[in-house]
Amino acid sequence: MVSSLKAYGSKSGHKLKSVRVFHVNSGACNGCDIELLDILTPFYDIERLGVKLVSTPRHAHALLVTGPLTRKTASAVVRAYEAMPPEPRIVIAVGTCACSGGIFYDSYALYRRIGGSMFDVPRRGGISELIPVHIYIPGCPPRPEEIIYGISLLLELVNERVSKQYYKEESLEDYKLTRRKSPISERLKYSLREKTRHVVGY
1 MVSSLKAYGS KSGHKLKSVR VFHVNSGACN GCDIELLDIL TPFYDIERLG VKLVSTPRHA
61 HALLVTGPLT RKTASAVVRA YEAMPPEPRI VIAVGTCACS GGIFYDSYAL YRRIGGSMFD
121 VPRRGGISEL IPVHIYIPGC PPRPEEIIYG ISLLLELVNE RVSKQYYKEE SLEDYKLTRR
181 KSPISERLKY SLREKTRHVV GY
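In structure tokens form, the structure reads like this:
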């Protein structure tokens, strides 16, 4: 996916400095859409990273989809995907509903491939039932910071920042700290929280 962005830049003879994103709501409750509006505000200012929201998929490098894929919106999502330029054509699923169907995963209204069952594990019902997804940003709704992190993965900003660290893992071998054991109740709380997240699908 990131290599397709690089290939797109090298084929066209210029370096890709920004990414244009088109947003599609495929039946969401608008919780994720409100968080998307947050990242456009001056407080988060996603445009400083070179991400621009466009009004047509014909100008978009990436398709940002929120909501479970309902049968009514499936054709609109496919039309938006096919209207995008063939390179790099990246899809980002925002929110648990777009990733796996969320709480609607067993609904009759969701689009499913032939042979799919509402009792499939892992859950099926996200947009990957219809189009290929490159980046998943789960959460109900995901926080603006998580959305920005997912989009910055697209831009390789995370790798760029991590590579500029002043230390390596090997250099920390001499400085291992002895961990203080937390009380059993704290450890139980954290392990239960993690197990609950896996069960619920977050």
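Going by my numbering, the letters in the sequence shown line up with residues 1 to 202, in that order.
Every residue, glycine too, gets a C-beta built ideally from N, C-alpha and C.
All values reported here derive from a predicted model rather than from experimental measurement.
How is alanine 74 classed by DSSP in three states: helix, strand or coil?
helix
Between the Cα of methionine 84 and those of Ala60, Gly126, Lys72, Thr70, spot the shortest distance and give me the residue it belongs to.
Ala60
Distance check for cysteine 99 and serine 128, CA to CA, integer angstroms please.
7 Å
Taking only the alpha-carbon atoms, compute the straight-line gap between arginine 207 and tyrosine 108 and give it to the nearest angstrom.
The structure shown does not extend to residue 207, since the chain is modelled only from 1 to 202, so the question has no answer here.
Residues bridged to leucine 154 (per DSSP):
In DSSP, leucine 154 forms no bridge with anything.
Taking just the CA atoms, how far does glycine 102 sit from arginine 275?
In the structure as shown, the chain begins at 1 and stops at 202. Residue 275 is therefore absent and cannot be evaluated.
Residue interval of the alpha helix (DSSP H) (run including isoleucine 39):
31-40
Sub-9 Å separation of arginine 71 and tyrosine 105 beta-carbons:
no
Let me know if arginine 193 comes out buried or exposed under the rule of 16 or more other beta-carbons within 10 Å of its beta-carbon.
exposed
If we ignore side chains and look at the alpha-carbon of each, how far apart do valine 152 and leucine 69 end up?
Rather than valine, the amino acid found at residue 152 in this sequence is serine. Using only the alpha carbons, I get a separation of about 25 Å.
Cα-Cα separation, isoleucine 131 to valine 51
22 Å
Taking the alpha carbon of aspartate 33 as the point to measure from, which residue in Gly67, Val21, Gly150 has its own alpha carbon closest?
Gly67
If you compare alpha carbons, which of Ser75, Arg48, Tyr81 is closest to leucine 64?
Tyr81
Do you know how far the Cα of alanine 74 is from the Cα of isoleucine 92?
16 Å
Among Thr41, Glu146, Ile135, the one whose alpha carbon lies nearest that of leucine 154:
Ile135
Per-residue DSSP class, three states only, for histidine 59:
helix
For glutamate 145 and phenylalanine 43, the rounded distance between their alpha carbons:
11 Å
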